[in-house]
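The next block holds one structure in the form of structure tokens; read it before the comments.
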Ligand code: CP
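Written out as structure tokens, the structure is:
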């Protein structure tokens with residue numbers, strides 16, 4: 001069986017919960033199960049990556065799969081071969097394609113127009129679904145369950161924030177407060193997807209563009225880098241707009257038990273102070289470690305394991 005994972009929307013609740021729980025299982029130690037049984041996994045990254053590329057590569061090898069890797073200049077798409085032809089040919093040789101484009105996900109959807117090769121989105125412009133799955137496994141491992149958690153996300157409403165909101169919307173009793181700079185929030189399309197799909201019972205996802213009246217007593221404070229994969233912003237004054245949204249130790253005055261999450265890479269002094277990122281509340285590097293265990297769960301699911 002071949003399954004694609006291009007968006008959190010590609011997972012029903014059962015699949016989402018299975019992958020999250022399976023990631024926790026992998027982190028606890030070797031897991032009996034399907035593995036990849038020699039499957040050939042293509043890893044194609046057009047943008048920089050330290051964690052996601054390594055997580056899927058190391059995860060493939062740990063599960064008994066084999067790797068073919070491509071850098072940004074390697075495929076004939078650079079010389080004009082069509083997206084459709086590229087996907088068709090790769091699907092004749094690979095079992096799984098893990099791709100980071102940071103572009104429109106339509107390209108990945110075109111590659112996924114067949115059922116031989118699973119396509120996994122390792123980050124597109126709109127969504128970073130495998131990051132959200134790793135984040136939820138990190139939370140489930142820490143708190144025992146994602147249900148009922150209260151989260152405060154501070155910073156850019158980027159592809160990581162979008163996937164996080166879409167994934168958390170499937171767990172009951174969750175509150176996610178997003179505080180994003182004006183003009184840099186979740187896209188209207190993501191809000192529309194959340195509205196159309198609805199949320200699990202008792203779950204609230206809301207966004208504001210200021211740092212007034214912040215929630216208190218939250219379980220989790222989360223931020224991400226202000227310049228995702230080095231993307232340049234058109235507004236030369238964007239730093240002035242972002243400055244109030246830096247995560248500093250002051251947030252722990254009213255949230256003393258909160259853990260801190262960051263998808264990394266981080267810029268200490270921009271989106272977060274060094275005191276927080278390297279401090280006692282930070283799970284950022286546990287979260288990075290969880291990316292490989294979560295990638296293993298995603299690879300297994302795409303090859304037919306779980307629900
Ligand atoms: N968080 C994340 O996606 O890290 P990389 O860009 O290093 O893969």
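In the UniProt record's numbering, the protein residues as written are 1 to 307.
We put the CB at the ideal spot given by N, CA and C, even for glycine.
Closer than 8 Å: residue i CB and nearest the ligand CP heavy atom
i: residue 172; result: no
i: residue 233; result: no
i: residue 105; result: no
i: residue 49; result: yes
i: residue 267; result: no
i: residue 264; result: yes
i: residue 291; result: yes
i: residue 203; result: no
i: residue 296; result: no
i: residue 25; result: no
i: residue 206; result: no
Which residues DSSP lists as bridging residue i, in chain order
i: residue 221; result: 152 and 260
i: residue 42; result: 68 and 97
i: residue 282; result: 260
i: residue 277; result: Answer by DSSP bridge pairing: none, since residue 277 is not bridged.
i: residue 120; result: 5 and 98
i: residue 272; result: 247 and 268
Closest residue to residue i among the options (Cα-Cα distance)
i: residue 213; options: 152, 7 and 127; result: 152
i: residue 98; options: 257, 58 and 166; result: 58
i: residue 60; options: 71, 48, 49 and 43; result: 43
i: residue 178; options: 191, 170, 232 and 172; result: 191
i: residue 247; options: 259, 193 and 276; result: 276
i: residue 30; options: 293, 307, 158 and 205; result: 293
i: residue 40; options: 66, 62, 55 and 50; result: 66
i: residue 308; options: 130, 235 and 101; result: Nothing can be reported for residue 308: it is not among the residues displayed for the chain, which extend from 1 to 307.
i: residue 86; options: 119, 176 and 63; result: 119
i: residue 1; options: 116, 211, 258 and 123; result: 116
i: residue 93; options: 73, 114 and 101; result: 114
i: residue 229; options: 8, 3 and 47; result: 47
i: residue 50; options: 73, 123 and 14; result: 123
i: residue 200; options: 261, 252, 154 and 13; result: 13
Residue interval of the alpha helix (DSSP H) (run including residue i)
i: residue 159; result: 159-168
i: residue 60; result: 51-62
i: residue 177; result: Where residue 177 is concerned, there is no enclosing alpha helix (DSSP H), although the beta strand (DSSP E) it sits in stretches over 175-179.
i: residue 104; result: Here residue 104 belongs to no alpha helix (DSSP H), and DSSP marks it neither H nor E.
i: residue 238; result: 238-242
i: residue 192; result: 188-197
i: residue 131; result: 129-143
i: residue 89; result: 83-91
Start and end residues, beta strand (DSSP E) containing residue i
i: residue 19; result: No beta strand (DSSP E) contains residue 19, which is instead part of the alpha helix (DSSP H) from 13-28.
i: residue 207; result: 204-208
Min CB distance residue i to chain C below 9 Å
i: residue 53; result: No chain C is part of this structure, which consists of one protein chain only.
Quiz item: So, do the stretch 77-90 and the stretch 273-291 have three or more beta carbon pairs nearer to each other than 8 Å?
Solution: no
Quiz item: Is the stretch 108-120 in contact with the stretch 266-274, if contact means three or more CB pairs nearer than 8 Å?
Solution: Verdict: no, contact absent.
Self-check item: Touch test, the stretch 170-188 against the stretch 229-244, Cβ-Cβ under 8 Å, three pairs minimum
Solution: yes
Practice problem: Mind the definition here: the stretch 33-40 touches the stretch 149-165 only if three or more C-beta pairs lie below 8 Å; say whether that holds. | Solution: no
Exercise. Evaluate the contact criterion for the stretch 187-206 versus the stretch 165-174: three or more CB pairs, one atom per stretch, below 8 Å.
Key: These segments touch.
Practice problem: Kindly confirm or deny that the stretch 7-23 and the stretch 130-149 touch, where touching means at least three C-beta pairs closer than 8 Å. | Solution: Short answer: they touch.
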